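Here the protein sequences line up with chains A and B, keeping their order.
To convert, note that position 5 of the first sequence is -6 in our numbering; the numbers rise steadily by one, no gaps.
Plus 1168 on top of the position in the second sequence (first one is 1) and you've got our numbering.
No residue lacks a Cβ here, since even glycine has one placed at the ideal position from N, Cα and C.
Predicted, not measured: the structure shown is a model, and the values here were computed from it.
Note sheet for the following structure.
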Amino acid sequence: AAPPDEASLQSRINKATNPLNKETDWDSIKGFCDQLDNEPEGPQLATRLLAHKIQSPQEWEAMQALTVLETCMKNCGKRFHSEVGKFRFLNELIKVVSPKYLGARAPEPVKKKVLEMMYSWTVRLPNETKIADAYQMLKKQGIVKQ
Amino acid sequence: GKIEFHDDSDEDLLE
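Structure follows, in C-alpha cells:
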C-alpha cells in the first residue's frame, strides 16, 4: 500500500477533484494545501498529482484541479512555488494547451484558465523565470494571442 | 528540525 502521506495527498486530491462533487470542496482543497506544505516531499508529489488531474478529459475534474492549484499557489510557501516554476510541471500545463499534445482534445475552459493562471504567475512571481520562458514560448507559437 | 530535501533537478522546456 502507498505510504501514509502519499495516500492522504492522493486521497485528498481525489476528493477535491471528484467529478461527482456538486460544488467546490474547499475543505479537501485546504487539507491538500496544508498537507503538501508540511511534508519534505509534499510539493514534488502535489505537483505530480495536480498535473495528472489537470490533464483529465473530464472538464469538471480538471477545473477543480486548477482551483486546487490556484489556492495552493496563494496559500502554500516558496517550496511549492519553485516546484510549479519548474519545466517538469510547466511542461504538463503546456501539453494541455498545445495542439501538438493534448490541446486539440482538452476542454476550452480548462485551456483558458491554464493560460490565465500562467500569465498571473509571470506577474506575481517574477523571480520564477521559467514560468515567463514557458509563457513566452506559448506566445511565440500563437497559443497565447498577442 | 525537519529534513528539508531540496532538489533543483529539472527538465528542458517542451517546444
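- Check the Cα spacing between Leu104 of chain A and each of A:Ile83, A:Gln53, A:Gln33 and A:Arg113: the tightest is with A:Ile83.
- When DSSP states are grouped into helix, strand and coil, Thr118 of chain A belongs to the helix group.
- Residue range Glu48 to Asn64 is occupied by the alpha helix (DSSP H) that includes Leu55 of chain A.
- Residue state for Gly20 of chain A is assigned as helix, using DSSP reduced to three classes.
- What Met126 of chain A touches in chain B, judged by beta-carbon distance under 9 Å, is Leu1181, Leu1182 and Glu1183, going in chain order.
- Using beta-carbon distances, Asp23 of chain A does not count as an interface residue toward chain B, since no partner is under 9 Å.
- One alpha carbon belongs to Gln(-1) of chain A, the other to Leu1182 of chain B, and they sit about 26 Å apart.
- Out of A:Met107, A:Lys119 and A:Thr6, the CA that lies nearest to the CA of Ser45 of chain A is found in A:Thr6.
- Under the DSSP assignment, Glu28 of chain A falls outside any alpha helix (DSSP H); it carries neither an H nor an E label.
- Pro29 of chain A and Pro98 of chain A have their alpha carbons spaced roughly 33 Å apart.
- In terms of beta-carbon proximity, Asp122 of chain A lines the interface with chain B, with at least one pair separated by less than 9 Å.
- With a 10 Å radius around the Cβ and a threshold of 16 neighbouring Cβ atoms, Asp1180 of chain B comes out exposed.
- Around the Cβ of Asn80 of chain A, a 10 Å sphere holds 16 or more other Cβ atoms; the residue is buried.
- Secondary structure at Val112 of chain A: helix, using DSSP grouped into helix, strand and coil.
- In the displayed model, Thr36 of chain A falls within a helix according to three-state DSSP.
- Proximity of the stretch 116 to 130 of chain A to the stretch 61 to 69 of chain A falls short of the contact definition, fewer than three beta-carbon pairs being nearer than 8 Å.
- In the three-state reduction of the DSSP assignment, Gln44 of chain A falls in the coil class.
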